[in-house]
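So the structure is just underneath, and the comments pick up after that.
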Amino acid sequence: MKKQIVTVLTFMLLTVYTLPLPSFASVNSPKTQPPPPDKTRAVAPLSTLYLSSWGCSISQQSSNTVLLSGYSEANVPVNKIWVTLYLQRWNGSQWVTISSGYKSTGYNTVSITGKQTLTVTPGYYYRTMGQHQCYKNGVYDPGQPAVSTSGYIYVN
Numbered sequence: 812m813k814k815q816i817v818t819v820l821t822f823m824l825l826t827v828y829t830l831p832l833p834s835f836a837s838v839n840s841p842k843t844q845p846p847p848p849d850k851t852r853a854v855a856p857l858s859t860l861y862l863s864s865w866g867c868s869i870s871q872q873s874s875n876t877v878l879l880s881g882y883s884e885a886n887v888p889v890n891k892i893w894v895t896l897y898l899q900r901w902n903g904s905q906w907v908t909i910s911s912g913y914k915s916t917g918y919n920t921v922s923i924t925g926k927q928t929l930t931v932t933p934g935y936y937y938r939t940m941g942q943h944q945c946y947k948n949g950v951y952d953p954g955q956p957a958v959s960t961s962g963y964i965y966v967n
């Protein structure tokens, strides 16, 4: 009798553990394939007179908000310095700018930082794109804004 019970239990366990289990897609799975590996980067213009460093970042604040941050720094006090921040979303093949630029400006200083909180749709990859420039004695430096991009995050 004991042997029969052990045999039945063994058969039941083997049956349970060998049955295929259904798989379910996650409710929070990404709506697009992930972007290719991307590091935080600053795209340097050929040369700058005054603008010495710049960058931007992104962080998730809640289930549907992100914080964009960026800075521009000059090597001497300038008449005007600014950073403009844009939110970008990955559409499966490229980064698309989905927000109008948020511009933070400083006067008669060497640096400026900017921050903006935005509401986003969960299920996508996001990053910040920044444009950085300064003005001193009639000269825009660089002539075309320096561009930076943050690493990306997935908002779940």
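Numbering (our numbering), first residue to last: 812 to 967.
The C-beta atom is built at its ideal place from N, Cα and C for all residues, glycine as well.
Continuous beta strand (DSSP E) stretch holding residue i: start and end
i: T843; result: Run containing T843: none; DSSP gives neither H nor E here.
i: I909; result: Counting along the chain, I909 falls outside any beta strand (DSSP E), and DSSP gives it neither H nor E.
i: S870; result: 862-873
Opposing strand residues paired with residue i [DSSP bridges]
i: V925; result: Sequence inspection shows Gly at residue 925; the Val mentioned does not correspond to that position. Answer is G881, bridged to G925.
i: I964; result: Y937
i: Q942; result: T895, V958
i: S915; result: V894
i: V931; result: Paired residue(s): none; V931 is not in a bridge.
i: V950; result: K947
i: T859; result: In DSSP, T859 forms no bridge with anything.
i: V887; result: For V887, which the question treats as bridged, DSSP gives no partner whatsoever.
C-alpha gap between residue i and residue j, whole angstroms
i: V889; j: V931; result: 35 Å
i: G954; j: Y918; result: 18 Å
i: Y951; j: Q905; result: 30 Å
i: L878; j: Q871; result: 6 Å
i: P956; j: Y897; result: 14 Å
i: T908; j: A885; result: 27 Å
i: Q844; j: R900; result: 12 Å
i: M940; j: K914; result: 12 Å
i: T920; j: W893; result: 10 Å
i: I923; j: G903; result: 33 Å
i: Y936; j: T895; result: 20 Å
i: Q960; j: W865; result: The identity of residue 960 in the sequence shown is Thr, whereas the question assumes Gln. Each residue's Cα considered, the two are about 10 Å apart.
i: I964; j: I869; result: 8 Å
i: P848; j: G962; result: 9 Å
i: N967; j: G925; result: 25 Å
i: L832; j: S880; result: The predicted position of L832 is uncertain, since its pLDDT is 40 and thus under 50; a value taken from the coordinates is nonetheless stated next. Using only the alpha carbons, I get a separation of about 45 Å.
Is it the case that the segment 936-946 contacts the segment 858-868, given that we only count it when at least three CB pairs across the two stretches are under 8 Å?
yes
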